[in-house]
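A.B. asks: Here's a structure for you.
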Amino acid sequence: MAPPPETAPETFQHIEQSPEFRQLRSSFRNFAFPVTAGFVLWYLLYVLLSCYAPGLMSTKVVGNVNLALVLGLLQFASTFAIAAWYARHADRRLDPSAAAIRFRADAVLPAQADHTTVAEEAAE
Amino acid sequence: MTHLASSASDHRTLIMWLFGVFVVATLGITLWAGRQTRDAADFYAGGRAFTGFQNGLAISGDYMSAASFLGIAGLIALYGYDGFLYSIGFLVAWLVALLLVAEPLRNSGRYTMADALAFRMRQRPVRTAAGISTIVVSIFYLLAQMVGAGSLVALLLGVSGDGAKRWTIVAVGALMVIYVTVGGMKGTTWVQIVKAVLLIAGAATMTVMVLAKYHFNLSGLLGAAADASGKGHAFLEPGLKYGVTGTTKLDFLSLGIALVLGTAGLPHILVRFYTVPTAKAARKSVLWAIGIIGVFYLMTLALGFGAAALVGPKTIKASNTAGNTAAPLLAEQLGGGAGSTGGAVLLAVISAVAFATILAVVAGLTLASSSSFAHDLWANVIRRGKASEKEEVASAKLAAVAIGATAIVLSIFADKLNAAALVALAFAVAASANLPTLLYSLFWKRFNTAGAVSATYAGLITSVTLVIFSPVVSGNPRTSLFPHSDFHWFPLENPGLVSIPVGFLAGAIGTWLARNPADPAKYAELEVRSLTGLGAH
Numbered sequence: 001m002a003p004p005p006e007t008a009p010e011t012f013q014h015i016e017q018s019p020e021f022r023q024l025r026s027s028f029r030n031f032a033f034p035v036t037a038g039f040v041l042w043y044l045l046y047v048l049l050s051c052y053a054p055g056l057m058s059t060k061v062v063g064n065v066n067l068a069l070v071l072g073l074l075q076f077a078s079t080f081a082i083a084a085w086y087a088r089h090a091d092r093r094l095d096p097s098a099a100a101i102r103f104r105a106d107a108v109l110p111a112q113a114d115h116t117t118v119a120e121e122a123a124e
Numbered sequence: 001m002t003h004l005a006s007s008a009s010d011h012r013t014l015i016m017w018l019f020g021v022f023v024v025a026t027l028g029i030t031l032w033a034g035r036q037t038r039d040a041a042d043f044y045a046g047g048r049a050f051t052g053f054q055n056g057l058a059i060s061g062d063y064m065s066a067a068s069f070l071g072i073a074g075l076i077a078l079y080g081y082d083g084f085l086y087s088i089g090f091l092v093a094w095l096v097a098l099l100l101v102a103e104p105l106r107n108s109g110r111y112t113m114a115d116a117l118a119f120r121m122r123q124r125p126v127r128t129a130a131g132i133s134t135i136v137v138s139i140f141y142l143l144a145q146m147v148g149a150g151s152l153v154a155l156l157l158g159v160s161g162d163g164a165k166r167w168t169i170v171a172v173g174a175l176m177v178i179y180v181t182v183g184g185m186k187g188t189t190w191v192q193i194v195k196a197v198l199l200i201a202g203a204a205t206m207t208v209m210v211l212a213k214y215h216f217n218l219s220g221l222l223g224a225a226a227d228a229s230g231k232g233h234a235f236l237e238p239g240l241k242y243g244v245t246g247t248t249k250l251d252f253l254s255l256g257i258a259l260v261l262g263t264a265g266l267p268h269i270l271v272r273f274y275t276v277p278t279a280k281a282a283r284k285s286v287l288w289a290i291g292i293i294g295v296f297y298l299m300t301l302a303l304g305f306g307a308a309a310l311v312g313p314k315t316i317k318a319s320n321t322a323g324n325t326a327a328p329l330l331a332e333q334l335g336g337g338a339g340s341t342g343g344a345v346l347l348a349v350i351s352a353v354a355f356a357t358i359l360a361v362v363a364g365l366t367l368a369s370s371s372s373f374a375h376d377l378w379a380n381v382i383r384r385g386k387a388s389e390k391e392e393v394a395s396a397k398l399a400a401v402a403i404g405a406t407a408i409v410l411s412i413f414a415d416k417l418n419a420a421a422l423v424a425l426a427f428a429v430a431a432s433a434n435l436p437t438l439l440y441s442l443f444w445k446r447f448n449t450a451g452a453v454s455a456t457y458a459g460l461i462t463s464v465t466l467v468i469f470s471p472v473v474s475g476n477p478r479t480s481l482f483p484h485s486d487f488h489w490f491p492l493e494n495p496g497l498v499s500i501p502v503g504f505l506a507g508a509i510g511t512w513l514a515r516n517p518a519d520p521a522k523y524a525e526l527e528v529r530s531l532t533g534l535g536a537h
């Protein structure tokens, strides 16, 4: 099997040290880590309430619909919302800067360029 | 349930026809895909040529298993609100995959989960650990699917059909081996896509029919379900299954944690990210999957409460103690009831959809586990990277046959368990053995080979041991795998609460105690590659 052209290890370390890459990494981590912590806590809160506060959860909201069901449906809503939010963040902040870093690395290593562009075209 | 059996056997021919059409169509797809499968990248990753939307459908097909369709509907029908936790956990879990795992994995790996885990580690120990864990998780998951298939056959052919049930399990096993060995990832992916469309259409039809009976008034449906359950409003509140004692409450918490952390460690889901050309396409496929799976799980609410209201927990329990047949029974009721032609037709259609579901998921699982055997254990560990591509693919096909046979034998024993509860065990093992290694490896610079090996084995051994000594296996005369013996000492059914922290902790301790520190150059490569896609396969 033909592996894609290898990029030299020094190139990776060089890129990793660059301000552009550090910017991209913090842009990713500053979004992904706190948001993950947030939705995991929100989900755990829901599980713990279901376990240990059944009285509160059985509060009627409308007709036979109680708080437990409303909170459960809100978990669905928050999941959809967070997914959409991340998609927007990635489109605006992560993709352009990742493409720029890749483009610059390709300029250094022409062999790499072919591979990356083909992959990108196929994605469209 | 003699009236069910007789009404079903009158129209058994119809079921056979519908199922036959699905089998012939998917075998056709498989043959076509097999002709286009030339090299290892085709066999393992479908040539990486699927679009985000196609892969999103295929992921949904892989994920919405018998556990979701038969298991969750049954749990909601029997235990009301407590069954709903499964739907929520199974969905929220996708955010972990979306935010932390899908894109880095796509960029750093090649064919298997172990590719990403072993990226910056010593290959042989890490691949061995990850390969074993892939196979164990997949076999747990396979069992759940086969159990679902067994329950369906028992419903369709009546209680006396023990022989038929075994033959069906054997037939399902044989078909899945054919899909995988002939069609590879390309064939398996198209089977998933067809199945996802069928399942969504079937579930949507039933949902609309249930809601129409209650004039699209959710409160009315809930009220009717609560009345029919004989439990009153407690049926709509948390606690019916898990609120009984302090132990069951802990079990609920344990289940909740395992569900939300398990998805991003499921090997058969992770390898789906390799079927698209870029990380961006991997992201798009997860976004589509979240949409499709989310809508499907909302429909399980209507199906579960609908089955409780229209069929009633008593009838469901009489047909299958674990509730696995609630959805097909609901279909029969919606079509006009037992004995009516409409009932038999809808029962046949929904049963065929459920069979399609099971068949597609077992194919995905077999592919993921046999790929890992061939690519990780055979080519990289046993043959130390000297195996040719042809030999590697051939060993994958042989492994598919062996894994299929193992699953067939094991599932004949496990038919009393609820499919969703069984899948939850697979989630717990995945979250304990795979997720810690995956996250540490991607985001913790100091993480090293010793850490990866200890996290995987500690998580794997702890979770599997706790399951063996839990009430799932022994001690409960009604629901245990071995009802007549009692060697359980672990009180919870789901081990996640203990085994997931053990996995994370063991990874950290292994890393700190290691004599060989992590290679910063390899971490730089992984980081740049995973975030930018530079050098990705």
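First to last, the sequence lines map onto chains A and B.
In terms of the UniProt record's numbering, the first sequence has 78 at position 78, counting the first letter as 1, and numbering is strictly consecutive.
In terms of the UniProt record's numbering, the second sequence has 206 at position 206, counting the first letter as 1, and numbering is strictly consecutive.
Beta carbons are placed, not taken as given, at the ideal position from N, Cα and C, and that holds for glycine.
All figures in this text were calculated on a predicted structure; none of them were measured in a lab.
#1: Label Pro313 of chain B either buried or exposed according to how many other C-beta atoms from any shown protein chain fall within 10 Å of its C-beta, with 16 as the threshold for buried.
#2: Check the Cβ of Phe84 of chain B against every Cβ in chain A and list those closer than 7 angstroms, keeping chain order.
#3: For Phe12 of chain A, which three-state DSSP category applies?
#4: Could you work out which residue in B:Ser254, B:Tyr44, B:Thr479 is closest to Lys317 of chain B when comparing CA atoms only?
#5: So, under 8 angstroms CB-CB, Thr134 of chain B and Ser369 of chain B are touching, yes? Tell me the CB distance rounded to an integer number of Å.
#6: Cα separation between Arg122 of chain B and Asn380 of chain B?
#7: Who are the neighbours of Arg102 of chain A on chain B, taking C-beta pairs under 9 angstroms?
#8: Give me the chain A residues within the contact set of Leu222 of chain B, using Cβ-Cβ distance strictly less than 8 angstroms, ordered along the chain.
#9: May I ask you to list, following chain order, the residues of the segment 234-246 of chain B that have a beta carbon less than 9 angstroms from some beta carbon of chain A?
#10: Are the CB atoms of Gly306 of chain B and Thr168 of chain B nearer to each other than 9 angstroms?
#11: Return helix, strand or coil for residue 542 of chain B, following the three-state DSSP convention.
#12: With the cut-off set at 9 angstroms, would you say Lys241 of chain B and Tyr79 of chain B are in Cβ contact?
#13: Could you check if Trp17 of chain B is buried or exposed, using at least 16 other CB atoms within 10 Å of its CB as the buried criterion?
#14: Would a check of beta-carbon distances place Ala83 of chain A closer than 9 angstroms to chain B?
#15: From the DSSP output, read off the bridge partner residues of Ser474 of chain B.
#16: Output the boundary residues of the alpha helix (DSSP H) element that contains Val353 of chain B.
#17: Here's the rule: buried if 16 or more other CB atoms are within 10 angstroms of the residue's CB, otherwise exposed. What is Pro238 of chain B?
#18: Using CA coordinates, which residue listed in B:Leu481, B:Leu398, B:Val453, B:Ala450 is at the minimum distance from Ala419 of chain B?
#19: Which residues mark the beginning and the end of the beta strand (DSSP E) in which Lys386 of chain B is found?
#20: Is Gln29 of chain A close to chain B, meaning its C-beta is less than 9 angstroms from at least one C-beta of that chain?
#21: Where do the ends of the beta strand (DSSP E) carrying residue 126 of chain A lie?
#22: Would DSSP call Val276 of chain B helix, strand or coil?
#23: Which stretch, first to last residue, makes up the alpha helix (DSSP H) that contains Leu95 of chain B?
#24: Shorter than 9 angstroms from the beta carbon of Asn217 of chain B to some beta carbon of chain A?
#25: Along the chain, where does the alpha helix (DSSP H) that runs through Val244 of chain B open and close?
#26: Are residue 164 of chain A and Leu99 of chain B close, meaning C-beta to C-beta below 9 angstroms?
#27: Do Ser351 of chain B and Leu152 of chain B come within 9 angstroms of each other at the CB atom, strictly closer than that value?
#28: Any C-beta of chain A within less than 7 angstroms: which residues of the segment 507-529 of chain B qualify?
#29: Whole angstroms is fine: what's the gap from Phe21 of chain A's alpha carbon to Ile15 of chain A's?
#30: Check whether chain A comes within 9 angstroms of Leu253 of chain B, counting only Cβ atoms and requiring the distance to be less than that.
#31: Pick out whichever of B:Ala25, B:His537, B:Ala67 has its Cα sitting closest to the Cα of Thr300 of chain B.
#32: In angstroms with no decimal places, state the Cα-to-Cα distance between Cys51 of chain A and Gly243 of chain B.
#33: Along the segment 276-301 of chain B, what residues have a CB closer than 7 angstroms to any CB found in chain A?
#34: Can you check which of these residues, A:Ala90, A:Gly55, A:Gln13, A:Ala77, is closest to Arg29 of chain A by C-alpha distance?
#35: Under 8 angstroms by Cβ, that's how I've got Gly451 of chain B and Thr511 of chain B pegged, so tell me the actual separation to the nearest angstrom.
C.D. replies: So, from the listed chains and residues:
#1: Around the CB of Pro313 of chain B, 16 or more other CB atoms lie within 10 Å, so the residue is classed as buried.
#2: Neighbours of Phe84 of chain B on chain A, chain order: Gly72.
#3: helix
#4: The shortest C-alpha separation from Lys317 of chain B is found at B:Thr479.
#5: Confirmed, about 6 angstroms.
#6: Straight-line spacing of the CA atoms in Arg122 of chain B and Asn380 of chain B works out to 11 angstroms.
#7: Thr532, Gly533, Leu534
#8: For Leu222 of chain B, the chain A residues whose Cβ falls inside 8 angstroms of its Cβ are Gly63, Asn64, Val65, Leu69, in order along the chain.
#9: Ala234, Leu236, Glu237, Pro238, Gly239, Tyr242, Gly243
#10: No, these two residues do not count as a Cβ contact at 9 angstroms.
#11: As shown, chain B starts at 1 and ends at 537. That puts residue 542 of chain B outside it, with no answer to give.
#12: Cβ atoms of Lys241 of chain B and Tyr79 of chain B: closer than 9 angstroms.
#13: Sixteen is the threshold: since fewer than 16 other Cβ atoms of the shown chains lie within 10 Å of the Cβ of Trp17 of chain B, the residue is exposed.
#14: yes
#15: B:Phe482
#16: 341-372
#17: Buried.
#18: Ranking the options by Cα distance to Ala419 of chain B, first place goes to B:Leu481.
#19: Premise fails: Lys386 of chain B is in no beta strand (DSSP E) and is neither H nor E.
#20: The question names Gln, yet the displayed sequence has Arg at residue 29 of chain A. Taking Cβ atoms only, chain B reaches closer than 9 angstroms to Arg29 of chain A, which makes this a yes.
#21: There is no way to answer for residue 126 of chain A, as the model of chain A reaches only from 1 to 124.
#22: Looking at Val276 of chain B - three-state DSSP - the assignment turns out to be coil, as it is neither helix nor strand.
#23: Per DSSP, the continuous alpha helix (DSSP H) segment holding Leu95 of chain B begins and ends at 81-96.
#24: yes
#25: No alpha helix (DSSP H) holds Val244 of chain B; DSSP gives it neither H nor E.
#26: The question about residue 164 of chain A has no answer, for chain A in this structure spans 1 to 124.
#27: Going by C-beta atoms, Leu152 of chain B is nearer than 9 angstroms to Ser351 of chain B.
#28: Listed in sequence order: Ala521, Ala524, Glu525, Glu527, Val528.
#29: When rounded, the distance between both Cα atoms is 6 angstroms.
#30: yes
#31: B:Ala67
#32: 6 angstroms
#33: Pro277, Thr278, Lys280, Ala281, Arg283, Leu287, Ile290, Gly294, Leu298
#34: A:Ala90
#35: 3 angstroms
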